[in-house]
Amino acid sequence: MKHLCKKLGLALLATLVSTVALAQSADEYLVEVVFFGQPSAPLVVGTPPDLDWADNATKLDETTRSDVRAIDPTRFRLDPDVRKLKQKGYQIYLHQAWSQPLDNNLDIALSKGQADNGIYPVQGLVNLSQDNLMEIAVSFWRNRTANEVQMSGASVISEHLHQKRALRLNETHYLDHQSLGMLVRVSR
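First residue of the sequence shown: 11, per my numbering; consecutive thereafter.
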């Protein structure tokens, strides 16, 4: 009888632990973005980012939050799409993935390259939210010096992709812009 009670107790404990783990992972979403430039597209100058563009955001590369974590590149799901884009001449500016909770007030800040006076060559914000539908809002910049694009005037020339889109889980969504594009995938 003691042996049976011990086995039932262990089975109950194992069930409880797995239920808690499942509940925690159920609140976790995997977000993956690919930000790219379209081949032969004319430069479409946009509004440059403010210097405080990420002040109210969680910076993915600096966060200490346990519920927001970068995903190892070996787990990226959009790699086949990235290869196809590269084969067609698209330039990949940023490919990043992370896990996060669904929190309407959580903005994730991403950047790539060395900052020059607070402006990165590639920088962006991602917000995953849900009221009735799950939505993603992105605001991404490709910033170059005027010398890089052989333009006079402003010291930084920015292209800006800014969109909000309803999305479905486990589907790849394409966000379009005249000279930029983005692939987004959200899964559990």
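Where a beta carbon is used, it is the ideal one built from N, C-alpha and C, also for glycine.
Model, not experiment: these values are computed from the prediction.
Proximity below 9 angstroms, CB of residue i to CB of residue j
i	j	result
V166	F45	no
V78	I118	yes
T57	H170	yes
L138	G47	no
N127	L70	no
Best match in the options for proximity to residue i [C-alpha to C-alpha]
i	options	result
L143	K122, D126 and R178	R178
H183	V54, S76, L88 and Q101	L88
V41	K96, H172, L135 and S50	L135
D181	Q97, K94, D141 and R198	According to the sequence as given, residue 181 is Glu; it is not Asp. Checked all of Q97, K94, D141 and R198; the closest Cα to E181 is R198.
T8	L120, S168 and P49	Because the chain is modelled from 11 through 198, residue 8 falls outside the range shown and cannot be assessed.
S149	S168, D141 and Q140	S168
D65	R154, Q173, L116 and G123	L116
T73	D37, R154, P59 and Q110	Q110
Q124	Q106, R154 and D141	R154
P59	V92, L193 and H172	H172
Buried or exposed by the 16-neighbour rule on C-beta atoms within 10 Å, applied to residue i
i	result
R195	buried
T84	exposed
R152	buried
I102	exposed
P90	exposed
Nearest-angstrom Cβ-Cβ length linking residue i and residue j, presumed shorter than 8 angstroms
i	j	result
W108	I81	6 angstroms
P49	K98	7 angstroms
Y39	L95	Actually they do not touch by this definition, with Cβ atoms about 24 angstroms apart.
V55	Q106	Their Cβ separation, rounded to whole angstroms, is 25 angstroms, which puts V55 and Q106 out of contact at 8 angstroms.
Heavy atom of the ligand MG within 8 angstroms of residue i beta-carbon
i	result
R178	For the ligand MG, the structure offers nothing, since it holds no ligand at all.
7 angstroms Cβ shell around residue i - same chain, five flanking residues per side excluded
i	result
R175	E145, I146, H183 and L185
V92	V44, I102 and H105
Same chain, Cβ closer than 6 angstroms to residue i, five either side skipped, listed in chain order
i	result
N114	S139
K122	L104 and V132
D37	P111
Sequence-distant residues of the same chain with beta carbon closer than 8 angstroms to residue i, five excluded per side
i	result
K100	Note on residue identity: the sequence assigns Tyr, not Lys, to residue 100. Excluding residues within five positions, the ones whose Cβ falls inside 8 angstroms are F46, G47, Q48, P49 and G191.
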